[in-house]
Structures are given as C-alpha cells and as structure tokens.
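To keep things clear, I will list the structure first and then write my remarks on it.
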Amino acid sequence: MKRTIRIFTTALLVIVVTGNLPLGLSEAINNATCSQPNLTDTQQALLDKYLILREENGELTLSQTLGYSCEIRRNAAVWISDMISGQHSLDDKVFERSHGDALNQIVLQVWPAIANSPAFPSDGALRYDKWNVLSNASVSDETVGRIVSQEVRKGGLWTAEAHLMFSRSLDVTSRLIKVVLADNKSDIISRLYAFALETRLKSGSPDLSIASVINGVALTETQAGVVENLRKRIEAHEPAKWSDVEDLAQDEL
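My numbering numbers the first residue of the sequence shown as 26 and each following residue consecutively.
In structure tokens:
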C-alpha cells in the first residue's frame, strides 16, 4: 500500500511541475493498482515459471513478466478462458480488434503450458478444448503455424493439428507433411493425415502412393474407410477434404 501511495505521489508531483506523466510511470501505476489474486507461494512459483496459472475455480491469471499492462493481461486471460470453453463475448471481440498483436504474442508464450503443465493441468477434455484458442480468426496464420510446427515435431500429426492445417493456409504445412511421411516410425494416423494433406495440396496427385504410406500396417475399419476415401480422390484427381479423414479422430481417442 505504501508503495502505491509513493507512486501516485511521485506521479502527481511530476504532472504538477511538467504537465506530463513520466515515461513508464503509467505502467508502474497500472501494475501497482492492478487487482491480483491471493496466490500461495507454490502458485506464484508456477505462475512465474509457466506464465499462466489456472486456479481451482477455473480462473486464469497471466504473469506480469509477459510484459503487458494489467488490463491487457486480464482481458487476455478472460479471452483464453472463453475460447477454451467455446464462448465468444462482445468484450472478447473488442479485445481482439484493439490488441490483436499482444494477443498473438501472449498465445505464443503461454501455449506450451495450457493443459500441459502443473500450472494448467488437463482434466482430459482440456487437451482437446484448448485448440479452440487457435481456431479463432484473430490468432494469425503465422502464430498458428509456429505452434502447430512445434506440436507436430514434438509429438506427431494428430486430429487437432490436422484440422487446423486443413482449415488454414499455413506456410509450414508442406514441410510438416515431409517430416511426418519421411519418418517410417510415425503413427499410421499421423501418416494418413499427412498423406491427405498432400493429396489436398497436390490436387489429387500426391508424390507418394497409398501403399507406401501404409507400409504394411494392419488398418482398423475406420482407417481402411479413410484410405478408400483418399483412393477415390486420387482417381478423380481431386484435392482431399477434411470430411475424407475426420473419422480418424475415433481411433485417436
């Protein structure tokens, strides 16, 4: 409290003398007066490490070290929470228009921790629902591409990443297809998604054959149905569509 009073006193003196608020002082006032949750030492340590914290009541807090004002951090936390839960309020839309660049940078920095860390543990559904964040149009193709690239290189090409790659024009798509298909040890679901994406990009004329992609793996009934869908696309020289492969999600569960 004393620190807050000193900041306001200093600001008032400078304004009286110069008529201007000193550079950086408005941000200091903002952070000093920002209402912060009462965190335990353990929670604060998690917030410092992962930059985002999900409390037991589901509310999110973003770390000051992200470098944005209290208002931006607070609104970004609400926006992320709303996206995950499938909501999109008028306030969210105003925030997107007013602070789109900050939003993209925050998403990039906190994404690795969402539903994947002690600061933001997954309850099962969260590991799927978190991808709603990247489905929002205010998150740029560049941001989505960087995150998808990290996820695919780390753990393979799965339904969430594949759906984004089908629905957006990402610069990384062709490179990630090559990464997945070049790895003979990659999961058959990842390989089928990658092959479908190549069939889409190459307008029904992929470089590889379906047989080489399957590579002798015994397919489930669902996977066999997807392969048949892709065969038909290739025979008709048509790009693959998401509807051709979306059933693979059943085998991923």
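For every residue, glycine included, the Cβ atom is placed at its ideal position computed from N, Cα and C.
Between Leu128 and Gly241, the alpha-carbon positions lie close to 45 Å from each other. Between Ala265 and Thr224, the CB-CB gap stays under 8 Å. For Thr247, the three-state secondary structure derived from DSSP is helix. In the structure shown, the three-state DSSP call for Ile139 is coil. The three-state secondary structure of Leu226, taken from DSSP, is helix.
Pairing Met190 with Leu222 gives a Cβ-Cβ distance under 8 Å. In the DSSP annotation of this structure, the continuous segment of the beta strand (DSSP E) that includes Thr86 starts and ends at 85-87.
Distances from the alpha-carbon of Glu84 to those of Ile97, Phe145, Gly181, Ala261 put Phe145 closest. For the pair Val177 and Leu195, the CB atoms are not nearer than the 8 Å cut-off. Inclusion of Asp126 and Asp117 in the CB contact set at 8 Å is not warranted, their separation being larger than that value. Less than 8 Å divides the Cβ of Ser215 from the Cβ of Trp183. In the assembly as shown, Arg122 is an exposed residue. Its beta-carbon has fewer than 16 other beta-carbons within 10 Å. Leaving aside the five residues that flank Ser110 on each side, none in its chain has a CB nearer than 6 Å to its CB.
When the alpha-carbon of Ser163 is set against those of Val270, Ala101, Asp66, Leu244, the nearest one is in Ala101.
In chain order, Ala138, Ser142, Ala144 place their CB closer than 6 Å to the CB of Tyr75, counting only its own chain and leaving out the 5 sequence neighbours on each side. With respect to the C-alpha of Ser234, the residue from Leu244, Gln248, Arg256 having the closest C-alpha is Arg256. In the three-state DSSP reduction, Leu133 falls in the helix class (H, G or I). For Leu206 and Val197, the gap between their C-alpha atoms comes out near 14 Å.
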